[in-house]
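J.: Every number in the working numbering is 18 more than the matching position in the sequence shown, counting from 1. For glycine and all other residues, C-beta sits at the position ideal for the given N, C-alpha and C.
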Amino acid sequence: MNEPWTRDQLLVVFNLYCKIPFSKTKANNPLVIEVARLIGRSAASVAMKLGNFGSFDPALRAQGIKGLTRVSSADRGIWDEFNQSWENLSIESELATERLLAGSRTTPSERNKAKSSSELYACKLQDLLDRPSEKVREVKVRLHQKFFREAVLASYGSSCCVCCNPVPQLLTAGHIIPWANREDLRANPRNGLCLCSLHHDAFDCGLWTIEDSYEIRLSPELMAYLPNSTLESGFINYSKTKIRMPDKFWPEKAFLAFHRTNLFLE
Ligand SMILES: [Zn+2]
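Structure, rendered in structure tokens:
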């Protein structure tokens, strides 16, 4: 099939790119197969598109993953749009995915069931923005949180980047710059860290921070409680070691600098 990709198809595949580890962007991944089926393209063409997006990612290039040769300007365009406005594109791609799923329900009873279970059934961005402002805000927060959590956890292989805790119930997607400070960064995966509850709370309180070298620096406020075996195993063990890096969306150094300057307890 050589028809040009529609905007919705690109948005849905970019959304998938954000939410699966790069090592799983292959044509035999069941999620890739499912998205391909829904958009009426081959799994190989969806996998190639995912590879194209990866070729733009500086984190992947730094790991020696080279650009592909058949990258289109539309691929570059979607990559640039997301990176210029994660806030808007995360929502637009969530809605496009929701619409695609809605369209896949072929019988009237399936459609009615989907309509009653999802307030965003077949909703377009403009439909959302036309709602009362309070409702728009509530839905945007929920979609941002969903996109951000799924993208950040996937990038870090779903385990804490400090202690490798893999228990989903204990994992959170933490913001480096709090979203109360920068609402425009609340869905940007490069403003995210996958952390267990303990390391997330301690990071938000400024009890540790991350250097430009991605090494962990502990606050004197935390050290004041030593000697203590819990702190030794939970924090001192990791002092001056590098966080475990995500496979894509490396933390933005400017955001880490903000955390060191404004939140870290010197
Ligand atoms: Zn942890």
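Considering just the uninterrupted stretch of the alpha helix (DSSP H) at R94, what are its terminal residues?
T.: S91 to Q102
J.: For a test of the three-state rule: what should DSSP assign to G252, helix, strand or coil?
T.: helix
J.: Measure the Cβ-Cβ separation of A92 and A65 and say whether it is below 8 Å.
T.: No, they are not a contact pair.
J.: Give me the Cα-Cα distance between I57 and W197, rounded to the nearest whole angstrom.
T.: Taking the straight line from one Cα to the other gives about 34 Å.
J.: Please report the residue range of the beta strand (DSSP E) in which T227 lies.
T.: W226 to I228
J.: Could you tell me the alpha carbon to alpha carbon distance between V53 and E128, rounded to whole angstroms?
T.: 19 Å
J.: For the alpha helix (DSSP H) that R79 lies in, which residues bound it at each end?
T.: P76 to A80
J.: Assign C214 to buried or exposed, taking buried as 16 or more other Cβ atoms, counted over all protein chains shown, within 10 Å of its Cβ.
T.: buried
J.: Hey, F276 and S237: beta-carbon distance below 8 Å or not?
T.: no
J.: Among the residues of its own chain, which have a CB less than 8 Å from the CB of L78, if the five just before and after it don't count?
T.: F40, G72, D265 and K266
J.: At which residues does the alpha helix (DSSP H) containing L189 begin and terminate?
T.: Segment L189 to H193 is the beta strand (DSSP E) holding L189; no alpha helix (DSSP H) there.
J.: Can you tell me whether N183 sits near ligand 1, meaning its C-beta is under 7 Å from at least one heavy atom of the ligand?
T.: yes
J.: Using three-state DSSP, classify E270 as helix, strand or coil.
T.: coil
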